[in-house]
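For reference, the structure is listed below as structure tokens.
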């Protein structure tokens, strides 16, 4: 049996959890950690104590801060860096990856400032041949649960069907069910736009509202981000799937989500800058809201939750006024115009 | 200003919460409670201590166990009885309701044995004229939250557009946003079929699984109950709306749900009969699963979660085997056949 090498770029919780999942008898996994101390710690304890505490890693998983060493002879490359670091990471690996390498991208969200989707960054940085090997993974998957073999479903998308199906074969496990979906734009937008709704659900929670309010935000929120997605070329079914609804539900019902936690602080009366300082990390939903607001104004798409969220984040509207605005719009029919109506 | 009378049949939490909401200056509300003690208690304390504790009722809300007295001169009738009691309740009011009365139905779920939707029971019991006045209310709405003015959205449907819009005008409040939807079958089926998925989410929780598993069940569950609903004449958009997705999310994330609690007990290893005994009340999801199972077998619709749920409930399959069956089906594409695919 030929031993394959898997290179994982990014030693956060997700890179570590998927590295563990990929450590099969025929696969050697090497995780690249930017900081040598972290690589050393992972190797000493066989545990990523900082980002995935409590999960023992098999001996087939090793970490290193030497990128060249990690990439050397890898036939599978898993990229799990924040979207803000994706461009820089791809620049670093430029010319060091053979064109047959299968690349699994787990980076979600839009790039700061440019608002590019991850696949747009890949397309700009890689040769067309290598870009056809890029497969994006998304769906409702807390790393902490995947690392504990809790049943999880995810979705893979790619420009290239064969690459997607190769990655599906590679990742399927008894507790990890992998679907494919050809709608790359929808899969990527679902994973980005859901952050607007998660942030809004956080605000509602911070204001002391309940399950009814959250369910309303999830439902009407999914409807409006789908409208934008469809306008941008996505398929509606994708937003009803794992990368849309699934990821939205897992984010809005979880305390792990930074977007939720940031929203809760806003709802409790903190200013944006105070809330950001308290979270201490990037809150993706802020720039996603900005991007979606600009797009919906430009394309004239009805996105009332996004608009109110934007006003809270960028125009100083109070969260309770935002809720009032949402609840008191003129009365309406639930379904979109043009769909089935009373005859 | 003419004083209108609202009769509420059913003194549970939902009847009481909506009775409170309908108690406007121009509206007198009378709640019918089957048991005289309950009616008396509500009137003495101005609180339904048994079913909606902690919520003070305005003086305009009174309770009575005398059905004739409650119905007398009512121009609005709100029916909030369990689906098992709907037929009997409609028989009781037969001939006592004027044909102009607006009837708001909040009964959800399928009738035991016959599997009829609420509107089918209304249609069979009422004159066509009166049936045109029936409007069904559904959506993510815990009574406990509505009674505390927590922002909530609901959806109304009816065979008759004018009746639906009249009820919308009647129920709209700053904290209670009411949409209309012409798809009566979809609105009713959403409110019934979601119980299968709630029960399944309970089982997953009882087995110790996490947010990833629940999000997968919600997503794939909504997809399969939509397939059945569409086959029965519902519109897909309704399942993505408040009566579908919204109600599903609020049920699957709530400890209030009997279906969830029953599922949790099954997941923890209790037998169906032990779990039922411990809940001590009807668990709607059981008969809904039975009905949906029969329908999907008959119509040849793929409903893997429903099938496994049925086997656990009626054929003694263990919950963990059911999960294994679900996770290990052959690998597949996420989107339905016929939808956008790799070209």
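Residue numbers (my numbering), protein chains in the order written: chain R, 12 to 354; chain S, 12 to 354.
Where is the CB? At the ideal position from N, CA and C, for every residue including glycine.
If you're wondering where the values come from, they're calculated on a predicted model, not measured in any experiment.
Cutting at 6 Å between CB atoms, please list the residues of its own chain near residue 188 (chain R), excluding the five before and the five after it. On the first chain, residue 188 (chain R) is found 177 positions in, with the first residue counted as 1. Taken in chain order, the residues that qualify are 164.
Taking only beta carbons into account, state which residues of the region 214-226 of chain S come closer than 7 Å to chain R, listed in chain order. Against chain R - using a Cβ distance shorter than 7 Å - the residues of the region 214-226 of chain S are 220, 221, 222, 223, 224 and 226.
Could you please give the first and the last residue of the uninterrupted alpha helix (DSSP H) stretch that includes residue 289 (chain R)? For the purposes of this step, residue 289 (chain R) is taken as residue 278 along the first chain, with counting starting at 1. 283-290 is the span of the alpha helix (DSSP H), which, as asked, contains residue 289 (chain R).
Mind listing the chain R neighbours of residue 129 (chain S)? Cutoff is C-beta to C-beta under 9 Å, in chain order. On the second chain, position 118 is the one that residue 129 (chain S) refers to. At a C-beta separation below 9 Å, residue 129 (chain S) has no neighbours in chain R, since its nearest C-beta there lies roughly 19 Å away.
Hey, does residue 312 (chain R) have any beta-carbon neighbour from chain S nearer than 8 Å? Within the first chain, the letter at position 301 stands for residue 312 (chain R). False, the Cβ-Cβ gap to chain S never drops below 8 Å.
On the DSSP letters alone, give me the boundaries of the alpha helix (DSSP H) that residue 54 (chain R) sits inside. The residue given as residue 54 (chain R) occupies position 43 in the first chain. Counting along the chain, the unbroken alpha helix (DSSP H) around residue 54 (chain R) starts and ends at 47-56.
Roughly how far, in whole angstroms, is the beta-carbon of residue 257 (chain R) from the beta-carbon of residue 234 (chain S), given that I think they are within contact range, below 8 Å? Mapped onto the first chain, residue 257 (chain R) falls at position 246. Mapped onto the second chain, residue 234 (chain S) falls at position 223. The pair is not a contact, with the Cβ atoms about 10 Å apart (cut-off 8 Å).
If residue 211 (chain R) sits next to residue 316 (chain R), beta carbons under 8 Å apart, how far is it from one beta carbon to the other, in whole angstroms? Within the first chain, the letter at position 200 stands for residue 211 (chain R). Within the first chain, the letter at position 305 stands for residue 316 (chain R). Contact holds; Cβ gap of about 6 Å.
So residue 208 (chain S) and residue 229 (chain S) are in contact, right, with Cβ under 8 Å, and what is the actual spacing, rounded? As a first step, residue 208 (chain S) is located in the second chain; it is residue number 197 there, counting from the start. As a first step, residue 229 (chain S) is located in the second chain; it is residue number 218 there, counting from the start. Yes, they are in contact, since the Cβ atoms of residue 208 (chain S) and residue 229 (chain S) sit about 6 Å apart, within 8 Å.
Residue 199 (chain S) beta carbon less than 8 Å from that of residue 312 (chain S): To locate residue 312 (chain S), count along the second chain from 1; it is residue 301. To locate residue 199 (chain S), count along the second chain from 1; it is residue 188. Contact flag unset, no.
Return the CA-CA distance between residue 250 (chain R) and residue 73 (chain S), expressed in angstroms with no decimal places. Mapped onto the first chain, residue 250 (chain R) falls at position 239. Mapped onto the second chain, residue 73 (chain S) falls at position 62. Cα-Cα distance, rounded: 46 Å.
Quick one: give me the first and last residue of the alpha helix (DSSP H) that residue 337 (chain S) is part of. What you label residue 337 (chain S) is simply residue 326 of the second chain in a count that begins at 1. Start and end: 330-338.
Would residue 243 (chain S) count as contacting chain R if we go by Cβ distances under 8 Å? Looking up residue 243 (chain S) in the second chain gives position 232. Put simply, the CB of residue 243 (chain S) is far from chain R, with every gap to its CB atoms at 8 Å or more.
With respect to the alpha helix (DSSP H) encompassing residue 24 (chain R), which residues constitute its N-terminal and C-terminal limits? As a first step, residue 24 (chain R) is located in the first chain; it is residue number 13 there, counting from the start. Per DSSP, residue 24 (chain R) belongs to the alpha helix (DSSP H) from 24-33.
So with CB distances below 9 Å, who are the chain S contacts of residue 269 (chain R)? In the first chain, the residue the question calls residue 269 (chain R) occupies position 258. Here the premise fails: no neighbours, minimum Cβ distance about 15 Å.
Looking only at its chain, what residues have a beta carbon closer than 8 Å to the beta carbon of residue 273 (chain R), apart from the 5 residues adjacent to it on each side? Here residue 273 (chain R) refers to the residue found at position 262 when the first chain is read from its first residue. Annotation for residue 273 (chain R): 210, 213, 286, 287, 290, 294, 296 and 297 place their beta carbon closer than 8 Å to its own, counting only its chain and skipping 5 residues before and after.
Just to make sure I have the definition right: I need the residues of chain S whose C-beta is within less than 8 Å of the C-beta of residue 428 (chain R). Which are they? Because chain R here runs from 12 to 354, residue 428 (chain R) falls outside it and cannot be looked at.
Does the beta carbon of residue 235 (chain R) sit closer than 8 Å to a beta carbon anywhere in chain S? Along the first chain, one-based indexing puts residue 235 (chain R) at 224. Output row for residue 235 (chain R): interface = no.
Check whether chain S comes within 8 Å of residue 7 (chain R), counting only Cβ atoms and requiring the distance to be less than that. Limits of chain R in this structure are 12 at one end and 354 at the other, which puts residue 7 (chain R) out of reach.
Can you give the Cα-Cα distance for residue 304 (chain R) and residue 95 (chain S), rounded to whole angstroms? As a working mapping, residue 304 (chain R) is identified with position 293 in the first chain. As a working mapping, residue 95 (chain S) is identified with position 84 in the second chain. CA-to-CA, the gap between residue 304 (chain R) and residue 95 (chain S) works out to about 48 Å.
For residue 344 (chain R), count neighbouring Cβ atoms within 10 angstroms of its own Cβ and tell me buried if that reaches 16, exposed if not. What you label residue 344 (chain R) is simply residue 333 of the first chain in a count that begins at 1. The residue is buried, with at least 16 neighbouring Cβ atoms inside 10 Å.
Residue closest to residue 109 (chain R), alpha-carbon to alpha-carbon, out of R:50, R:79, R:321 and R:125: The count along the first chain starts at 1 and reaches residue 109 (chain R) at position 98. Out of R:50, R:79, R:321 and R:125, R:79 has the C-alpha closest to the C-alpha of residue 109 (chain R).
Can you find a C-beta in chain S that's less than 8 Å from the C-beta of residue 252 (chain R)? Taking the first residue of the first chain as position 1, residue 252 (chain R) is located at position 241. It does; some Cβ of chain S falls within 8 Å.
Could you tell me if residue 130 (chain S) is buried or exposed, where buried requires 16 or more neighbouring beta carbons within 10 angstroms of its beta carbon? The count along the second chain starts at 1 and reaches residue 130 (chain S) at position 119. With 16 or more Cβ atoms within 10 Å of its Cβ, residue 130 (chain S) is classed as buried.
Range of the contiguous beta strand (DSSP E) that encloses residue 75 (chain R): Indexing the first chain from 1 puts residue 75 (chain R) at position 64. Annotation for residue 75 (chain R): the continuous beta strand (DSSP E) segment containing it runs 72-75.
If we define contact as Cβ-Cβ less than 8 Å, is residue 207 (chain R) a contact residue for chain S? Here residue 207 (chain R) corresponds to residue number 196 of the first chain, with the count starting at 1. It does not: the Cβ of residue 207 (chain R) has no partner Cβ on chain S nearer than 8 Å.
Residue 181 (chain R) beta carbon near the ligand COA (any heavy atom closer than 7 Å): Inclusion of the ligand COA in the displayed structure is not the case, the ligand content being empty and no account of it being possible.
Is it true that the CB of residue 157 (chain R) sits closer than 8 Å to the CB of residue 175 (chain R)? Walking along the first chain from the start, residue 175 (chain R) turns up at place 164. Walking along the first chain from the start, residue 157 (chain R) turns up at place 146. No, these two residues do not count as a Cβ contact at 8 Å.
With DSSP run on the structure shown, which of helix, strand or coil describes residue 317 (chain S)? Working through the second chain from its first residue, we reach residue 317 (chain S) at position 306. Correct three-state label for residue 317 (chain S): helix.
Hey, quick one: how far does the alpha helix (DSSP H) through residue 226 (chain S) stretch, first residue to last? Here residue 226 (chain S) refers to the residue found at position 215 when the second chain is read from its first residue. Element bounds for residue 226 (chain S): 222-242.
Any idea which residues DSSP pairs residue 19 (chain R) with across the strands? Residue 19 (chain R) sits at position 8 when you count from the first residue of the first chain. According to DSSP, which records beta bridges pairwise, residue 19 (chain R) is partnered with R:42 and R:89.
Endpoints, the beta strand (DSSP E) within which residue 115 (chain R) is located: Taking the first chain and counting its residues from 1, the one referred to as residue 115 (chain R) is at position 104. Following the DSSP letters along the chain, one finds residue 115 (chain R) inside the beta strand (DSSP E) bounded by residues 113-116.
Name the DSSP bridge partner or partners of residue 146 (chain S)? Your numbering for residue 146 (chain S) matches position 135 in the second chain. Beta-bridge partners of residue 146 (chain S) (DSSP): S:115.
Residue 345 (chain R) touches chain S at which residues, Cβ-Cβ below 7 Å? Residue 345 (chain R) sits at position 334 when you count from the first residue of the first chain. Taking a Cβ-Cβ cut-off of 7 Å, the neighbours of residue 345 (chain R) in chain S comprise 166, 190, 191, 192, 252 and 253, given in sequence order.
Can you tell me whether residue 119 (chain R) is buried or exposed? The criterion is at least 16 other CB atoms within 10 Å of its CB, across all chains shown. Taking the first residue of the first chain as position 1, residue 119 (chain R) is located at position 108. Classification for residue 119 (chain R): buried.
Excluding the 5 residues flanking residue 75 (chain R) on each side, which residues of the same chain have their C-beta closer than 7 Å to its C-beta? For the purposes of this step, residue 75 (chain R) is taken as residue 64 along the first chain, with counting starting at 1. Counting only Cβ-Cβ distances below 7 Å, and skipping sequence neighbours, we find 41, 43, 50 and 81.
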